[in-house]
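Chemist: Residue numbers (this note's numbering): 251 to 641.
Backbone N, C-alpha and C fix where the C-beta goes; we use that ideal spot for every residue, glycine too.
Encoded as C-alpha cells, here's the structure I'll be asking about.
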C-alpha cells in the first residue's frame with residue numbers, strides 16, 4: 251500500500267496546472283507514483299519540464315501511473331491521507347473528505363515516459379534563487395517564437411539569471427551554477443508556486459540535456475534549449491556610460507505609487523502610458539481618453555539630479571520596478587531605455603515616444619503625499635479638480 255497526504259497530492263496538481271498552464275480543457279501529463287523502503291515519489295514529465303516530489307519511503311516496492319485528471323478527485327482530502335492499494339492493474343484508493351469516507355477504484359495506465367536521471371554533482375545556492383527564477387518567469391514572453399524570448403537564460407560564467415520579453419529585461423546576480431556557458435531553460439510559471447520556497451537552500455545540477463533545481467521535497471528538470479538564439483543584453487543590463495538625469499524615489503512615495511499608479515486613467519489599453527515629468531518637482535500624469543481630463547501624482551518626497559527631462563513610460567514597467575524594490579532610475583535620454591540598479595539586480599525597459607508627453611496644466615487633478623517628517627501620519631492634499639484618486 252502507498253500512503254500520501256492529501257495536501258501533497260493537491261499541491262502537486264496545483265503546481266502542474268499553474269506552472270505548466272494546464273486549463274480544464276487541456277489534458278495534463280500522466281502522474282507516476284512509486285514507493286519503496288527508501289523513497290516515495292510523485293512525478294510528471296512533459297517534453298520540456300519534469301517535476302518530482304519526494305520524501306522518505308516506508309513500504310514494499312510498488313508503482314503505478316494515472317491521469318492528472320484522476321488525481322483531482324482527491325481535492326477534498328487535504329486534511330487526511332490517501333491510501334492506494336495495488337491489485338494487479340487495478341488501484342483501490344480510500345480517503346476522508348470532511349470526515350466522510352470515500353473510495354475510488356481505477357485502472358492504472360502503462361508507464362511509457364522515460365524520466366531523466368538525478369545529477370551526481372550539486373551546487374548550493376541561497377533560497378533567493380527561487381525568487382529570482384520566479385521574477386524571470388514573470389518577465390519572459392511565453393508566446394514568443396523569436397530569439398528564445400520565452401526562455402530564461404542562466405549564465406554560468408557570471409552567475410546571473412536573465413530574462414526579457416523584448417520590451418523589458420531583468421538580471422539578478424550572485425548565484426552559483428555548475429557550468430560555464432549559458433543555458434536557456436523553460437521556466438513557465440513553475441517556480442512562482444510558494445511550495446518551492448519550502449527548502450532553506452536551493453541546489454542546482456546539470457545533465458547533458460537538463461538543468462535540475464531542487465528545493466526541499468521538490469525537484470524540477472528543465473530541458474536546455476540549444477536551438478534558439480538569445481538576444482545580446484550585456485550592453486543594456488549595466489549602468490549607462492552617459493546619464494543625463496537620475497530619479498530617486500522616496501520610500502513613502504514608492505508606497506504612494508503602489509496604491510495609486512494603477513488607478514490613473516488611461517488613453518490606451520495596451521501600453522497604459524504615463525508621463526514622468528522630472529522638473530522642479532517630480533510629477534506623474536495620465537489622461538482619460540474619453541474626457542481628456544488629466545490626473546497628476548506629485549512625488550513630494552522624491553528628487554531629481556541632473557537635467558530636467560520628461561519621459562513617457564508604460565506604467566506596468568514602472569509599477570513593477572517599484573514593487574521589485576528599485577528606487578533609483580537612471581535616464582540617458584527622453585527616449586533611451588530606463589535603467590534601474592540595486593545591489594544584485596538590474597532592470598531596464600524601453601520608453602514610449604516623448605511626443606506623447608502630457609505637459610503640466612493647472613486643470614490637472616493633483617494628488618500628493620506630504621512628507622511625514624513633521625506629522626505623525628502622512629496625509630493627502632487634493633486640489634480642486636474635475637476628478638480625484640481614491641486611496
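1) Apart from the five residues on each side of it in sequence, which residues of its chain come closer than 7 Å, Cβ to Cβ, to residue 623?
2) Could you tell me the distance, in whole angstroms, from the CA atom of residue 585 to the CA atom of residue 391?
3) Does DSSP put residue 474 in a helix, a strand or coil?
4) In this structure, what does DSSP give as the bridge partners for residue 556?
5) Under DSSP, the beta strand (DSSP E) around residue 392 begins and ends at which residues?
6) What residue range is occupied by the uninterrupted beta strand (DSSP E) comprising residue 595?
7) Looking at the strands, I want to know which residues DSSP matches up with residue 468.
8) Closest Cβ-Cβ distance between residue 315 and chain B: below 8 Å?
9) Taking contact to mean at least 3 C-beta pairs separated by less than 8 Å, is the stretch 430 to 440 in contact with the stretch 472 to 489?
10) Smallest Cα separation from residue 603: which of 572, 545, 593, 522?
11) Taking the Cβ atom as the reference point for each residue, do residue 565 and residue 524 lie within a distance shorter than 8 Å?
12) Extract the residue ranges of the beta strand (DSSP E) inside the stretch 414 to 455, only unbroken runs of 3 or more that lie entirely within it.
13) DSSP beta-bridge partners for residue 293?
14) Put residue 501 into one of helix, strand or coil per three-state DSSP.
15) Assuming residue 383 and residue 441 make a contact with CB atoms under 8 Å, what is their CB distance in whole Å?
16) Could you please give the first and the last residue of the uninterrupted beta strand (DSSP E) stretch that includes residue 336?
17) Just checking my contact of residue 374 with residue 451 at CB under 8 Å: how many whole Å lie between their CB atoms?
18) Do residue 494 and residue 562 have their C-beta atoms closer together than 8 Å?
19) Three-state secondary structure (DSSP) at residue 262?
20) Just curious, the beta strand (DSSP E) that residue 566 is in, first and last residue?
21) Who are the Cβ neighbours of residue 533 in its own chain at under 6 Å, not counting the five residues just before and after it?
22) Do residue 403 and residue 322 have their CB atoms nearer than 8 Å?
23) If I'm right that residue 315 touches residue 280 with Cβ under 8 Å, what's the distance once you round it to whole angstroms?
24) Where does residue 288 fall in DSSP's three states?
25) In whole angstroms, what separates the C-alpha of residue 608 from that of residue 538?
26) What residue range is occupied by the uninterrupted beta strand (DSSP E) comprising residue 527?
27) Measuring only the C-alpha atoms, how far is residue 357 from residue 380?
28) Closer than 6 Å by C-beta to residue 410: which residues in its own chain qualify, once you throw out the five before and the five after it? Chain order, please.
Modeler: Let me lay it out:
1) Its pLDDT being 30, under 50, residue 623 is placed unreliably in this model, and the value from its coordinates should be taken loosely. The answer is none, since no qualifying residue turns up.
2) 23 Å
3) coil
4) 495
5) First-last for residue 392: undefined, no H or E at that position.
6) 595 to 599
7) 303, 465
8) Absent here is chain B; the protein component of the structure consists of one chain.
9) yes
10) 522
11) yes
12) 418 to 422, 432 to 435
13) 282, 302
14) helix
15) 5 Å
16) 331 to 337
17) 5 Å
18) no
19) helix
20) It is not in any beta strand (DSSP E) - residue 566 instead sits in the alpha helix (DSSP H) that spans 565 to 573.
21) 527, 546, 548
22) no
23) 5 Å
24) coil
25) 11 Å
26) 523 to 528
27) 37 Å
28) 421, 423
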